[in-house]
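Here is the structure we will look at.
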Amino acid sequence: AAMTDPSRSAAVARALLDAGSGTLRPDDPVTFKSGLRSPVYVDNRRIIFQPAPWRTVVEAFVAELPATDVVIAGVESAGIPHSRALAFSAGRPSVFVSKADKEHGLTRRIEGGDVDGHRTILVEDMVTTGGSSLSAVEALREAGADVRDCFAIITYGFAEALEAFAAAEVALTTLTTFETVVAEALGRGTIDEREARLVRSWLADPRAWDDR
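At position 17 of the sequence shown (counting the first as 1) the number is 39 in this note's numbering, and the numbers step up by one without a gap.
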């Protein structure tokens, strides 16, 4: 995944920590639905409750936009607040993509406007496996959109996700990285060097991670 410039990356990492959405808990790991244990947990839904951190995130997204006209698309549901705020701030048209075809109304997955023939950028809050993002990309392409990019606040960096984006010919750009979040947390004393090593060991190989 490509990353924004270092100063913006650090600012977004601080925003995640300020909002409590980027949590490092090496001595109290969480267990994902898949059964994978992790000393890292992200809840970007917390950002929208705090205007100052959210403004930092939205402004970082705006800085990544190309100069050409694009449609901003958000994935149901966590990606939509960020995509709408980005589109409003940048003065670009916006749509959202449902997770599945609706069984009522016009049964469309894409709501808000016609993307046929328009270059479209998908916005996500967080990329884990990439499945929901690439499903949205497929829906947009089926509707005629030209989708080459996905913007996300952060990603766990799982190899299968990066491989899936590459196979779909979608460039993934993240506003910050977990390494940057770790560095910022160390700098403010939220974690110590031992805890940072535990988090970094998980990031290097999540499936082989051992917190003992």
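Every residue gets a Cβ at the ideal spot worked out from N, C-alpha and C, and that includes glycine.
Checklist entry - Per DSSP, what kind of secondary structure is R163 in: helix, strand or coil? => result R163: helix per DSSP, three-state reduction.
Next on the checklist: Helix, strand or coil, according to DSSP, for D40 in the structure here?
Outcome noted: Looking at D40 - three-state DSSP - the assignment turns out to be helix.
Checklist entry - By Cβ distance, which residues of its chain are closer than 8 Å to C172, with the 5 residues on each side in sequence left out? => result Beyond the five residues adjoining it in sequence on each side, C172 comes within less than 8 Å, by CB distance, of I143, L144, V145, E146, V149, S155, V159, F187, V192, A193, L194 and T195 in the same chain, given in chain order.
Next on the checklist: Counting C-beta neighbours from all protein chains within 10 Å, is the total for E185 16 or more, i.e. buried, or is it exposed?
Outcome noted: Here E185 is exposed, its C-beta having fewer than 16 other C-beta atoms within 10 Å.
Item to check | Every unbroken beta strand (DSSP E) within the region 148-213, with a cutoff of 3 residues, ordered by chain | outcome: Here the runs fully enclosed are 168-177 and 193-196.
Checklist entry - By a C-beta neighbour count over all protein chains shown, 10 Å radius and 16 as the cutoff for buried, is P75 buried or exposed? => result Using a 10 angstroms sphere on the CB of P75, the tally of other CB atoms reaches 16 or more, which defines it as buried.
Item to check | H140 vs A167 beta-carbon contact at 7 Å | outcome: Yes, the Cβ-Cβ distance between H140 and A167 is below 7 Å.
Checklist entry - Can the beta-carbon of V34 be found closer than 7 Å to that of V62? => result Judged by their CB atoms, V34 and V62 are not nearer to each other than the 7 Å cut-off.
Checklist entry - Should G139 be flagged as near chain B, meaning a C-beta pair shorter than 7 Å? => result The chain inventory of the structure shown lacks chain B, comprising one protein chain alone.
Item to check | Nearest candidate by alpha-carbon position, reference P88, set L108, I69 and A100 | outcome: Of L108, I69 and A100, the residue nearest in Cα terms is L108.
Item to check | Chain-order list of residues whose beta-carbon lies under 8 Å from that of M157 (same chain, five-residue window excluded) | outcome: Per the sequence shown, residue 157 should be read as Ser rather than Met. So the qualifying residues of the chain are K121.
Checklist entry - Does the Cβ-Cβ distance between V137 and V204 come in under 7 Å? => result Not in contact: V137 and V204 (Cβ atoms no closer than 7 Å).
Next on the checklist: Is the separation between the beta-carbon of I70 and that of P103 shorter than 7 Å?
Outcome noted: Between I70 and P103, the C-beta spacing is below 7 Å.
Checklist entry - Expressed to the nearest angstrom, what Euclidean distance is found between the alpha-carbon atoms of G127 and G96? => result Its pLDDT being 49, under 50, G127 is placed unreliably by the model, and nothing is read from it.
Checklist entry - CB-CB under 8 Å to A24, same chain, minus the five flanking residues each way: which ones, in chain order? => result These residues qualify, in order along the chain: A193, L194, T195 and T196.
Next on the checklist: Just verifying my parser: in three-state terms, what is the DSSP assignment at L128?
Outcome noted: Only weak support is given to the placement of L128: the predicted model assigns it a pLDDT of 49, under 50, and the value that follows is read from those uncertain coordinates. Coil at L128, not helix or strand.
Item to check | CB-CB length for E98 against V119, believed under 8 Å | outcome: Indeed they touch by this definition, with Cβ atoms about 6 Å apart.
Checklist entry - Which value, in whole angstroms, describes the spacing of the CA atoms of S29 and L162? => result Straight through space, the alpha carbons of L162 and S29 are spaced by roughly 32 Å.
Checklist entry - Residue ranges of each alpha helix (DSSP H) run of no fewer than 4 residues wholly in the region 37-102, ordered along the chain? => result Counting only runs of 4 or more, we get 73-86.
Next on the checklist: How far does the alpha helix (DSSP H) with S116 in it extend, from its first residue to its last?
Outcome noted: Run containing S116: none in the alpha helix (DSSP H); it sits in the beta strand (DSSP E), S116 to V119.
Item to check | Option nearest A165 by Cα separation, candidates G135, R77, F180 and A190 | outcome: For the residues G135, R77, F180 and A190, the minimum Cα distance to A165 belongs to G135.
Item to check | Given A174 as reference, the closest of V64, S56, D40 and P48 once Cα atoms are compared | outcome: Of the listed residues, the one whose Cα sits closest to A174 is V64.
Checklist entry - Any heavy atom of the ligand FMN closer than 6 Å to the CB of V79? => result Inclusion of the ligand FMN in the displayed structure is not the case, the ligand content being empty and no account of it being possible.
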